[in-house]
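See below for the structure under consideration.
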Amino acid sequence: MGISIFRGLRGVALAAVALVVGAPASAHHSFAMFDNEHQVKITGTVAEFQWTNPHIYIAINGGKAGEAAQKWTIEGASPGILNRVGWKFNMIKPGDKVVMIVAPMRSGGNSALLKEITLPSGKVMNNGGFAGPALIH
Amino acid sequence: MIRLALLASSVLALAATASSPASASQADAKKGPTMGPAYFTGTWEDPMPREILRPELGVLPERAGPPPADPPLKPEALAEWKAAARKNAEMLAKGEVPITPNALCQPPGFPGMMGPVFPIEVLQTPNQITITQEAFSQTRRIYLNEKQIAFEDAEPTYYGHSVGHWEGNVLYVNTVGLKDFIRNRNTPHSDQMSIDEKITVAPEKVTIEFTQTDPVYLTRPFSWKVEWAKRHDYKMNEFVCENNKIEVDPATGLQRLSE
């Protein structure tokens, strides 16, 4: 049941993101450049964790299953939003093995928007509501 | 009349302070009698932060709502506004995101800072109300019981020049002097544009009704509304736009995320 509801809401979420861009909102930038419909799972080792505004970034060496490791830059929400969904500034460290579900840039390359991250402890964290849910697992 | 009432309430408040300092300080905490008739110092937020907390919900349909009406611009400006809105929608649908001042770390300014999605903090002092917005650490100042300055004296800024006065639990604010590119829903404006706010303060809820007036660009004033819910335990986060990896793609002029 849950999945069908989420699929139904996906269109609403996308439409609303477009509205937010047109509205006097405080969001930093639109997520429309990321391909939400073609999410990928990447696994790798954290090279850098930047806990900064306007977004946090996780750089990893890794990639999709069966592919050679490359550098990926993954964008997360802002520290303020992530604090509220249970993240901590020191939750991720260089050397951590992580698994992430991400929406890559439509224009290609190894940059993407985070949907969900699995930490070395097995704990799964989301990226706040505006980034939208992971659609693959 | 209003001034007299305000003066009378200030005198009463002062008298209360003088007669019983301890109880007056307790009253301050509850009501802030010298700050105005209504006390809304504290942290507020859009009433529906579920979008922030629960990605599986997406942005709630009630938030998205029906699309707002076009601003009542005069015909030539309206045609330009519609063309720009159409182009923007077409680009976003293709995943092409034009560069915006926000994406380059410029703050949205007023009135954008009064809306969602980050929390807002209100600070009341005797002659001023200061409103800060977590996103981009934005700050605006509303000077109480001062006369608004003339349009020609209003230096264009991100937050404008705001004056306000209380009538009961309603704070009336008038703002002039916004930079040309600081726009509500991309509505162009002249240097004679002003935005009025009717800010109704209740214990757990603030309602802000905005009305934008502009004799040069608009056929009539138009209004919109924002609501805040109290967040008792929220402490504002620092927000310095420190590490922005959103950049202009030199090939397309569009936004991209650097690698």
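Just so you know, the protein sequences line up as chains F and C, in that order.
The letter at position 68 of the first sequence is residue 68 when you use my numbering, and the numbering goes up by one with no holes.
All you need for my numbering is the position in the second sequence, starting with 1, plus 137.
Glycine included, every Cβ here is placed at the ideal spot set by N, Cα and C.
In the structure shown, residue 119 of chain F falls within a coil segment according to DSSP collapsed to helix, strand and coil. Under the three-state reduction of DSSP output, residue 288 of chain C falls in the helix class. If you check each beta-carbon in the stretch 79–97 of chain F against every beta-carbon of chain C, the ones closer than 9 Å belong to 79, 80, 81, 83, 84 and 85. Inter-residue distance for residue 350 of chain C and residue 303 of chain C is about 21 Å (C-alpha atoms, whole angstroms).
Not a single C-beta of chain F is nearer than 8 Å to the C-beta of residue 259 of chain C. Unbroken alpha helix (DSSP H) stretches of 4 residues or longer found wholly inside the stretch 31–62 of chain F: none.
Excluding residues up to 5 positions away in sequence, 116, 117 and 118 lie with their Cβ nearer than 8 Å to the Cβ of residue 124 of chain F in the same chain.
Counting every other CB atom within 10 Å of its CB across the protein chains shown gives residue 339 of chain C a total below 16, marking it as exposed.
Closest in alpha carbon position to residue 112 of chain F, among F:85, F:88, F:77 and F:120, is F:77. At least one CB of chain C lies nearer than 8 Å to the CB of residue 29 of chain F. Of the candidates C:337, C:312 and C:278, the residue whose Cα lies closest to the Cα of residue 263 of chain C is C:278. According to DSSP, residue pairing for residue 274 of chain C in a beta bridge does not occur. From the listed residues C:178, C:241 and C:222, the smallest Cα separation to residue 392 of chain C is found for C:241.
Between the beta-carbon of residue 41 of chain F and that of residue 64 of chain F there is about 7 Å, and that keeps the pair under the 8 Å contact cut. In summary, residue 30 of chain F is buried, with 16 or more beta-carbon neighbours lying within 10 Å of its beta-carbon over all protein chains present. If the five residues before and after residue 233 of chain C are omitted, its C-beta is found closer than 7 Å to the C-beta atoms of 391, all from its own chain and listed in chain order. Not a single CB atom of chain C sits nearer than 8 Å to the CB of residue 125 of chain F. Rounded to whole angstroms, the gap between the alpha carbons of residue 217 of chain C and residue 106 of chain F is 29 Å. Of the candidates F:54, F:58 and F:28, the residue whose Cα lies closest to the Cα of residue 98 of chain F is F:58. With the rule of 3 Cβ pairs closer than 8 Å, the stretch 217–230 of chain C does not count as touching the stretch 300–315 of chain C. Annotation for residue 291 of chain C: 297, 298, 313, 314 and 328 place their beta carbon closer than 8 Å to its own, counting only its chain and skipping 5 residues before and after.
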